[in-house]
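A.B. asks: Please find one structure pasted underneath; my questions will follow.
Numbering (full-length UniProt numbering), first residue to last: 1 to 466.
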């Protein structure tokens, strides 16, 4: 049996390469003393768009994953310290909502009169039977995945494969199916059996290797690390002579090019603090330093480089974007699949933050590695009149990852949200890239490594000087 292993991962200034996957949407329950209806006795709460059920009792909270195929336990003893800090509050007697400082997706749960029969202890699906696990896999995607048409996949044809599934070929078949989606937010992970299948990895490697030849072609994790480190070294040595500023966690580095052009490299949209509750504050401390330096330099031309950025938290992206606007901006809207329809649109706007906002000429550098929350940043920036995009299209994966569990304990991550720009355009599977062909510059190329240059930066400098 062959499965795609966890070979490719971020290093050096790359903090999150093949994409941040939340264990699930990542939330922690904090119930106030004035919520006795929730905390004093057992109650059941259902998120229809996510397929989650919360079972809340005085001493323990359980989380279940549901689909047409049945119910599995996501967490048997759900504890707030294990997750990412969404506070769940009572909206009314029959509705609770989870909201996070880091994640845009609000979780809405409605009260159930009793636990779903399929989630009762004696009905829970917990088995290694490959056909039952295949049923859950297929139905989870059929119930919640939102981009079959966008990605040109007829999901119904795969239901017929069920009879071919055996214990030996189970993950091989799942791999063959999910790779057709070419979605970097689709992943199947079975830690006990050392299995990790990434739907978007083969297509991403094809894009990264498109302009590489010979020994530079990426075919192993070591080769990837070597190539990315070489790329980073070219930038820091050639364009900065290794003189630049960097935050202590290595997420952002910045400096001046040729004494007149500012450069900011944002390599991740997470990991600004060890404490999720302090993530935003820690980010803004770094941004204050960066923007103070940009203001003090007096530059009127700036390169923002997110080519190494594999994503993180949406609200990190929004806070960074807020440093490059001087008035409120409607940047995008998002909705979730809800059965055969969608939830209502969640409209997202940003306001200026900090003492100084830069609104001079900006070149935004993008690549196929630019993914997820990094694409949210690109979504915020792309329509600003002083921003020009140079590079390649971003990865085209915007949704927060929705995670469910199979009866055998494996986790399944998928996309169930649709992001649209201010004009209603959806960039899923396409990505955000340059408006003109002349600004399309490959992130990795044999020519660049041979000549010890970064053609994306060279193009950005030329455009800014003109």
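The C-beta atom is built at its ideal place from N, Cα and C for all residues, glycine as well.
Beta carbon of residue 418, beta carbon of residue 337: below 9 Å?
C.D. replies: Against the chain shown, residue 418 aligns to sequence position 418. Against the chain shown, residue 337 aligns to sequence position 337. Against a cut-off of 9 Å, the Cβ pair of residue 337 and residue 418 comes out as a contact.
A.B. asks: Assign residue 33 to buried or exposed, taking buried as 16 or more other Cβ atoms, counted over all protein chains shown, within 10 Å of its Cβ.
C.D. replies: If you number the chain shown from 1, residue 33 lands on position 33. Bear in mind that the predicted position of residue 33 carries a pLDDT of just 39, short of 50, making it unreliable; the figure below should be weighed with that in mind. So residue 33 counts as exposed.
A.B. asks: Would you be able to state if there are at least three C-beta pairs under 8 Å between the region 343–359 and the region 160–174?
C.D. replies: They do not touch, by the three-pair rule.
A.B. asks: Since residue 267 and residue 308 should fall inside the 8 Å C-beta cutoff, what is the C-beta to C-beta distance between them, to a whole number of angstroms?
C.D. replies: As a working note, residue 267 is residue 267 in the chain shown. As a working note, residue 308 is residue 308 in the chain shown. Sure, about 5 Å apart at Cβ, within 8 Å.
A.B. asks: Closest by CA to residue 287, which one among 311, 259, 324 and 256?
C.D. replies: By 1-based counting over the chain shown, the position of residue 287 is 287. For residue 287, the nearest C-alpha among the options comes from 324.
A.B. asks: Are the region 96–110 and the region 377–394 in contact at 8 Å, needing three or more beta carbon pairs?
C.D. replies: The region 96–110 vs the region 377–394: no contact.
A.B. asks: For the alpha helix (DSSP H) holding residue 146, just list the boundary residues, first then last.
C.D. replies: Sequence index remark: in the chain shown, residue 146 carries index 146 (1-based). Segment: none, residue 146 is in no alpha helix (DSSP H) and carries neither H nor E.
A.B. asks: Just verifying my parser: in three-state terms, what is the DSSP assignment at residue 272?
C.D. replies: Here residue 272 corresponds to residue number 272 of the chain shown, with the count starting at 1. It is coil, neither helix nor strand.
A.B. asks: Quick test of the definition: if touching needs 3 or more C-beta pairs under 8 Å, does the region 398–412 touch the region 360–380?
C.D. replies: The region 398–412 is in contact with the region 360–380.
A.B. asks: Are the beta-carbon atoms belonging to residue 316 and residue 102 less than 9 Å from one another?
C.D. replies: To locate residue 316, count along the chain shown from 1; it is residue 316. To locate residue 102, count along the chain shown from 1; it is residue 102. Contact flag set, yes.
A.B. asks: Under three-state DSSP, which class holds residue 73?
C.D. replies: Sequence index remark: in the chain shown, residue 73 carries index 73 (1-based). DSSP places residue 73 in strand when its eight states are reduced to three.
A.B. asks: Look up residue 51 in the DSSP assignment and say whether it is helix, strand or coil.
C.D. replies: Here residue 51 corresponds to residue number 51 of the chain shown, with the count starting at 1. Looking at residue 51 - three-state DSSP - the assignment turns out to be coil, as it is neither helix nor strand.
A.B. asks: Please give me, in chain order, every unbroken run of the beta strand (DSSP E) with length at least 3 that falls completely inside the region 360–438.
C.D. replies: Fully enclosed beta strand (DSSP E) runs of 3 or longer: 361–366, 387–391, 401–405, 411–415 and 417–421.
A.B. asks: Quick check: what's the CA-CA separation for residue 112 versus residue 50?
C.D. replies: Position 112 of the chain shown holds residue 112. Position 50 of the chain shown holds residue 50. Between residue 112 and residue 50, the C-alpha separation is close to 15 Å.
A.B. asks: Output the distance between the C-alpha atoms of residue 311 and residue 372, rounded to the nearest integer angstrom.
C.D. replies: Working through the chain shown from its first residue, we reach residue 311 at position 311. Working through the chain shown from its first residue, we reach residue 372 at position 372. Cα to Cα, residue 311 sits roughly 5 Å from residue 372.
A.B. asks: Based on the DSSP secondary-structure assignment, which residues constitute the bridge partners of residue 329?
C.D. replies: Locating residue 329 in the chain shown gives position 329, counting from the first residue. Per DSSP, 350.
A.B. asks: According to DSSP, simplified to helix, strand and coil, what is residue 305?
C.D. replies: As a first step, residue 305 is located in the chain shown; it is residue number 305 there, counting from the start. Reduced to three states, the DSSP call for residue 305 is strand.
A.B. asks: With the cut-off set at 9 Å, would you say residue 55 and residue 119 are in Cβ contact?
C.D. replies: By 1-based counting over the chain shown, the position of residue 55 is 55. By 1-based counting over the chain shown, the position of residue 119 is 119. Yes, the pair counts as a contact, with Cβ atoms nearer than the cut-off.
A.B. asks: Going along the chain, which residues of its own chain have a beta-carbon closer than 7 Å to the beta-carbon of residue 193, five neighbours each way excluded?
C.D. replies: On the chain shown, position 193 is the one that residue 193 refers to. For residue 193, where only same-chain residues beyond five positions count, there are no Cβ hits under 7 Å.
A.B. asks: Under the DSSP definition of a beta bridge, which residues are partnered with residue 189?
C.D. replies: Position 189 of the chain shown, counted from the first residue, corresponds to residue 189. Partner(s): 196 and 411.
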